[in-house]
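S.K.: Position one of the first sequence corresponds to residue 402 (my numbering), numbered consecutively onward.
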Amino acid sequence: MRYSKLLIPTTKETPNDATLASHIYLIRGGFIQSVGGSGLYNFLPLGKKILDKVRAVVKEELDKAGCQEVSLSFVTPASLWQESGRLDKYGKELLRFKDRKNNDFILGPTHEEMMVNLVRQTVKSYKQLPLNVYQINLKFRDEIRPRFGLMRGREFLMKDAYSFHASTEDMQREFALMEETYKKIFLRLGLEFRVVEADSGAIGGSGSKEFMILADSGEDTIVVCDSCEYGANIEAAISKPKSYDANTEIKIITMKALYDDGESKIVHFAVPASIELQEVKACNAVNANDLVACDESATMTTLIVDSALKGLETLEADEKSYADISSVCEGDSCVHCEGTLRYTKGIEAGHIFQLGTQYSEPLACNFLDENGKSKPMVMGTYGIGVSRLLAGIIEQNHDDKGCIWTKESAPFELDIIVANAKDEAQSLLGENLYAKLHTVRHLDVLLDDRTKERFGPKMKDFELLGIPYALVIGKGLSEGKIELIHRKDMSKVEFTFDPETIGQFKYFDALAADIYKYIREN
RNA sequence: CGGAGUGUAGCGCAGUCUGGUAGCGCACCUGGUUUGGGACCAGGGGGUCGAAGGUUCGAGUCCUUUCACUCCGACCA
Numbered sequence: 402m403r404y405s406k407l408l409i410p411t412t413k414e415t416p417n418d419a420t421l422a423s424h425i426y427l428i429r430g431g432f433i434q435s436v437g438g439s440g441l442y443n444f445l446p447l448g449k450k451i452l453d454k455v456r457a458v459v460k461e462e463l464d465k466a467g468c469q470e471v472s473l474s475f476v477t478p479a480s481l482w483q484e485s486g487r488l489d490k491y492g493k494e495l496l497r498f499k500d501r502k503n504n505d506f507i508l509g510p511t512h513e514e515m516m517v518n519l520v521r522q523t524v525k526s527y528k529q530l531p532l533n534v535y536q537i538n539l540k541f542r543d544e545i546r547p548r549f550g551l552m553r554g555r556e557f558l559m560k561d562a563y564s565f566h567a568s569t570e571d572m573q574r575e576f577a578l579m580e581e582t583y584k585k586i587f588l589r590l591g592l593e594f595r596v597v598e599a600d601s602g603a604i605g606g607s608g609s610k611e612f613m614i615l616a617d618s619g620e621d622t623i624v625v626c627d628s629c630e631y632g633a634n635i636e637a638a639i640s641k642p643k644s645y646d647a648n649t650e651i652k653i654i655t656m657k658a659l660y661d662d663g664e665s666k667i668v669h670f671a672v673p674a675s676i677e678l679q680e681v682k683a684c685n686a687v688n689a690n691d692l693v694a695c696d697e698s699a700t701m702t703t704l705i706v707d708s709a710l711k712g713l714e715t716l717e718a719d720e721k722s723y724a725d726i727s728s729v730c731e732g733d734s735c736v737h738c739e740g741t742l743r744y745t746k747g748i749e750a751g752h753i754f755q756l757g758t759q760y761s762e763p764l765a766c767n768f769l770d771e772n773g774k775s776k777p778m779v780m781g782t783y784g785i786g787v788s789r790l791l792a793g794i795i796e797q798n799h800d801d802k803g804c805i806w807t808k809e810s811a812p813f814e815l816d817i818i819v820a821n822a823k824d825e826a827q828s829l830l831g832e833n834l835y836a837k838l839h840t841v842r843h844l845d846v847l848l849d850d851r852t853k854e855r856f857g858p859k860m861k862d863f864e865l866l867g868i869p870y871a872l873v874i875g876k877g878l879s880e881g882k883i884e885l886i887h888r889k890d891m892s893k894v895e896f897t898f899d900p901e902t903i904g905q906f907k908y909f910d911a912l913a914a915d916i917y918k919y920i921r922e923n
């Protein structure tokens, strides 16, 4: 494509609300445009192109794994959510509205209900199972505080897959297959990532794993082992139990636990004084929806003691129990291999869950087994934040000049920069190499043929856009030299030819072949 | 929802304290010069100053109300 014809509104100035590299460069590179409303973005031509490429990678790998793509209605009747019981539970993130007949609707933040509804109407027999259906569609979550551009928008593109099985074993087999499939997707996109054990949160279920893109700007803290594969979100991380003696100083934390039905109760947690309480673990230990800070209370009715202290403390309470509620610290030992655990930051870009029958039971998504007996289907659910992946790729691949897209995500494979588009020889070579590489060899080439820009801005735009290679046709031309620049490290390779042959079409083919070969082999 | 802040041209900002013709940089348009690292000269277009109400001869500026957005905390792909 020709730069002169494309809508690529790059800017020199940074938008004032952007702090994260991905946010800054996606806006400055003209990939996306803020809509003004918070957490809402338009995708401009280049952003859309990248989104489609990333989406294609996701689709290809899922299809290879036997998943089937569908597309669910974005607007969801509220009655379905009433059925699953989530309408009241989900809270303000769920955007609700009415149509002209005063019927209630929501914009889907996730689509378990819709997908279960699809399947329960069409699948009746064990012979039709297993089934894994997915869609890559918009989601809307009315986030309390959207921020960081595509990292946490209110409207975002997500791949959500749902699998349906006749047995837990078969669901677990699919869960493992999805884990492998996700790894392939993340590898193809050129991401450095880690699969970690996670807390299931609002989606529910057990045995969930998160796919974390490693980046300092990540919002999640993850615990990783330096000698084995073990990794876990800090919310779910465990370490080798530490030993304490009776003299260990103990601290007690008082919190208020909130429950579904609006009830709440004061709970006390006891952990070694040197260790932090892990709130998510603590919350799970009392089966609460949420824990909030509250004033200290001397009367202990409900007490949860960290299991590491079992038998060592002398605390008394009406209701006393033990649970793992302590935070894993850096330097702790791995439960699997004696290695040392350390913290790192990650961006949650994928999450896979073993759901069981949590949705199939209330929504009566049943099938008849070999004995003609009706049973709820066993489900798994698997998500990838597709638009978030774009942000993640840039968080991991950028420098102070701009984006550095990975091979499968780059908006173009090559940027042919004609340094001075009014120079006839330069322009001629640019046009002909473009024809040879793009039209004949099907390399995805951007021809920077702009006559109004000089060399400087063209280089700046190349750096900002993060195209893997630039071919610079400029001053060296009269000596038979053109340069290929690697965006990643800005290193240069020269291609030479006899300057006498400039203008003779047949020689372009050999040059184009050299360049093509070089790009494909590096 | 708690705390802090900001709304003035497409973007980034000044002007508000002390009321008196709405400005600057970038971007954009025209002409010319330039052409390997965000060029230069000359000319030009673009604003209900977030909104509503009030005070005043006169409001971007003062008063009241309201809306939106951003940043820091608790939730999420």
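Using N, Cα and C, we set each Cβ at its ideal position, and we do this for glycine too.
Note down the Cα distance separating L441 from E556, rounded to an integer number of angstroms.
M.R.: Looking at the two C-alpha atoms, the distance is approximately 6 Å.
S.K.: Measure the C-alpha to C-alpha separation of L872 and K454 and round it to an integer number of angstroms.
M.R.: Taking the straight line from one Cα to the other gives about 23 Å.
S.K.: Relative to the C-alpha of N798, which candidate in M402, I409, Y426 and M559 has its C-alpha closest?
M.R.: Checking every option, the nearest Cα to that of N798 belongs to Y426.
S.K.: If you follow the alpha helix (DSSP H) that R521 is part of, which residue opens it and which one closes it?
M.R.: E513 to T523 is the extent of the alpha helix (DSSP H) around R521.
S.K.: Which word fits N504, buried or exposed, when buried means at least 16 other C-beta atoms lie within 10 angstroms of its C-beta?
M.R.: With fewer than 16 other Cβ atoms within 10 Å, it is exposed.
S.K.: Quick one: is L710 buried, meaning 16 or more other Cβ sit within 10 Å of its Cβ, or exposed?
M.R.: By the 10 Å Cβ count, L710 comes out buried.
S.K.: Quick one: is N533 buried, meaning 16 or more other Cβ sit within 10 Å of its Cβ, or exposed?
M.R.: When all chains shown are included, N533 counts as buried.
S.K.: Is D850 closer than 7 Å to A822 when the C-beta atoms are compared?
M.R.: In this structure, D850 lies closer than 7 Å to A822 by Cβ.
S.K.: Compute the Euclidean distance between the alpha carbons of S892 and G867, then round it to the nearest angstrom.
M.R.: Each residue's Cα considered, the two are about 14 Å apart.
S.K.: When DSSP labels each residue in this structure, what does T840 get in the three-state scheme?
M.R.: Residue state, collapsed to three classes: helix.
S.K.: Check for me: the alpha helix (DSSP H) holding D850 runs from which residue to which?
M.R.: Run containing D850: none; DSSP gives neither H nor E here.
S.K.: For C738, which residues from the same chain have a beta carbon less than 6 Å from its beta carbon, with the 5 sequence-adjacent residues on both sides left out?
M.R.: Excluding sequence neighbours, C738 sits near S628 and C629.
S.K.: Comparing C-alpha positions only, which one of C730, G875, T700 and P478 sits nearest to K502?
M.R.: Ranking C730, G875, T700 and P478 by Cα distance to K502 puts P478 first.
S.K.: Going along the chain, which residues of its own chain have a beta-carbon closer than 7 Å to the beta-carbon of S405, five neighbours each way excluded?
M.R.: If we look at S405 and ignore the five residues flanking it on each side, its Cβ neighbours are D850 and R851.
S.K.: Between the alpha carbons of D500 and E514, how many angstroms are there, rounded?
M.R.: Approximately 20 Å, taken between the alpha carbons.
S.K.: Does DSSP classify D966 as helix, strand or coil?
M.R.: Missing from the structure shown is residue 966; the chain here goes from 402 to 923 and no further.
S.K.: So the alpha helix (DSSP H) C684 belongs to, where does it begin and stop?
M.R.: Start and end: E680 to A686.
S.K.: If G875 and Q827 are in contact, beta carbons under 8 Å, what's the gap, nearest whole angstrom?
M.R.: Correct: roughly 7 Å between the Cβ atoms.
S.K.: In three-state DSSP terms, what is K711?
M.R.: If DSSP states are grouped into helix, strand and coil, K711 belongs with coil.
S.K.: Given this structure, state the Cα-to-Cα distance separating G712 from V693, to the nearest angstrom.
M.R.: Going from the Cα of G712 to the Cα of V693 covers about 28 Å.
S.K.: On a CA-only basis, which of S675, T412, E864 and T897 is nearest I886? Give me that one, please.
M.R.: Among S675, T412, E864 and T897, the Cα nearest to that of I886 belongs to E864.
S.K.: Out of curiosity, what's the CA-to-CA distance linking M701 and P642?
M.R.: So the two alpha carbons sit approximately 26 Å from each other.
S.K.: For P777, which residues in the same chain have their Cβ closer than 7 Å to its Cβ, ignoring the five residues on either side in sequence?
M.R.: For P777, where only same-chain residues beyond five positions count, the Cβ hits under 7 Å are T758, S761, E762, C766 and N767.
S.K.: Within 8 Å, do at least three Cβ pairs link the segment 652-669 to the segment 740-754?
M.R.: The segment 740-754 vs the segment 652-669: no contact.
S.K.: Since S788 and L551 should fall inside the 8 Å C-beta cutoff, what is the C-beta to C-beta distance between them, to a whole number of angstroms?
M.R.: The pair is a contact, with the Cβ atoms about 5 Å apart (cut-off 8 Å).
S.K.: DSSP three-state call for A871: helix, strand or coil?
M.R.: A871 falls in the strand class under three-state DSSP.
S.K.: On a Cα-Cα basis, can you pick out the residue from K540, A422 and E484 that is closest to N518?
M.R.: Looking at the Cα atoms, E484 is the closest of the given residues.
S.K.: With 16 other CB atoms within 10 Å as the buried threshold, where does V436 fall?
M.R.: V436 should be labelled exposed.
S.K.: Alpha carbon to alpha carbon, how far is E680 from D845?
M.R.: Cα to Cα, the separation comes out at about 49 Å.
S.K.: Give the DSSP bridge partners of N634, in chain order.
M.R.: The partner list for N634 (beta bridge, DSSP) reads I623.
S.K.: Does DSSP put N690 in a helix, a strand or coil?
M.R.: Reduced to three states, the DSSP call for N690 is coil.
S.K.: Pairing CB atoms from the segment 610-626 with CB atoms from the segment 805-822, are three or more of them under 8 Å?
M.R.: The answer is no - the segment 805-822 does not touch the segment 610-626, with fewer than three Cβ pairs under 8 Å.
S.K.: Determine the direct distance from the alpha carbon of Y631 to that of D719, and round the result to whole angstroms.
M.R.: Whole-angstrom Cα-Cα distance: 38 Å.
S.K.: Which class does G784 belong to by DSSP, given the choice of helix, strand or coil?
M.R.: It is a strand residue.
S.K.: Which residue marks the beginning of the alpha helix (DSSP H) containing E398, and which one marks its end?
M.R.: One cannot answer for residue 398 here, as it falls past the ends of the chain, which runs 402 to 923.
S.K.: Using 8 Å as the Cβ pair cut-off and three pairs as the minimum, do the segment 634-641 and the segment 724-737 touch?
M.R.: Touching, yes, given that three or more Cβ pairs across the two stretches are closer than 8 Å.
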